[in-house]
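So the sequence shown is numbered by our numbering: it starts at 70 and just counts up by one. Let me begin by presenting the structure, written as structure tokens, before commenting on it.
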Amino acid sequence: MSVLKAYLRGQSLSQSEEEHTCAGTDSLSPLDMLCCHSVQDSLLSSNSRFTNYRGILNWIVILLMLTYAHLFLENFIQHGFLIDLKKALELLIGDNYWPYLYLILAANVFPMISVILEKSQEKGSLSSSLAYWLHIGNLAMLAAFPTSIILLYETSLSTGGALLSLFTYTILWLKLYSYQQVSSWYRESECTEEGMR
């Protein structure tokens, strides 16, 4: 292999094309004519013009799936099925009292209170400062209600149910805070538009 070809291997595409054309003017040896490779940038370099990585990412996902399937099968063959389905089903459906489900259903009260506060503020029966503090109180109750219920009745609540209900209440808290903020911005913009007329 010539020194020029070894040098070209580490160059970027713009430089390697120029040098490849210069080298093309020289006489090519029979071994160079049989070469099936051309000088080009790596697909992962910054100079590469390759932009469609969809196939590469699909290939990576397939490799990950095959790897984890192999690990699952290997562990299953070596250790067997270690989960007692009877105990798992008893834990899920054995008791007819599901407090976390009631907790999630009780979460509908707080959005109703927010809507009532917004409607009364729109009608003018509540001032903006009083409605703001009532919204803050509603949000504080929303944050305190599930944690107090879970701490009081911790023996009858499963960990998964408590986690699911707290997750639901956290999302609801964020949505209600956003609802209150957006509604106040909308009312302020309406007031400024009416004041300009």
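No residue lacks a Cβ here, since even glycine has one placed at the ideal position from N, Cα and C.
Environment of residue i [buried if 16+ CB atoms lie within 10 Å]
i, result
"I219", "buried"
"E262", "exposed"
"T94", "Any reading at T94 must be qualified, since the residue scores a pLDDT of 49, below 50, and its modelled position is unreliable; no value is offered."
"A138", "exposed"
"Y171", "exposed"
"Q249", "buried"
"S117", "exposed"
"A213", "exposed"
"L140", "exposed"
"L245", "buried"
"H148", "exposed"
As assigned by DSSP and simplified to three states, the class of residue i
i, result
"W167", "coil"
"T45", "For residue 45 there is no data in the structure shown, the boundaries of the chain being 70 and 266."
"G193", "coil"
"F150", "coil"
"Y222", "coil"
"N144", "helix"
"N207", "helix"
"N177", "coil"
"S198", "helix"
"Q109", "coil"
"S234", "helix"
"S227", "coil"
"S183", "helix"
"S252", "helix"
"S258", "helix"
Contact belief for residue i with residue j at Cβ below 8 Å, rounded distance in angstroms
i, j, result
"I182", "N207", "5 Å"
"L241", "A176", "6 Å"
"F179", "L211", "5 Å"
"S234", "Y169", "5 Å"
Cβ pair count under 8 Å reaching 3, the segment 188 to 198 against the segment 252 to 262:
yes
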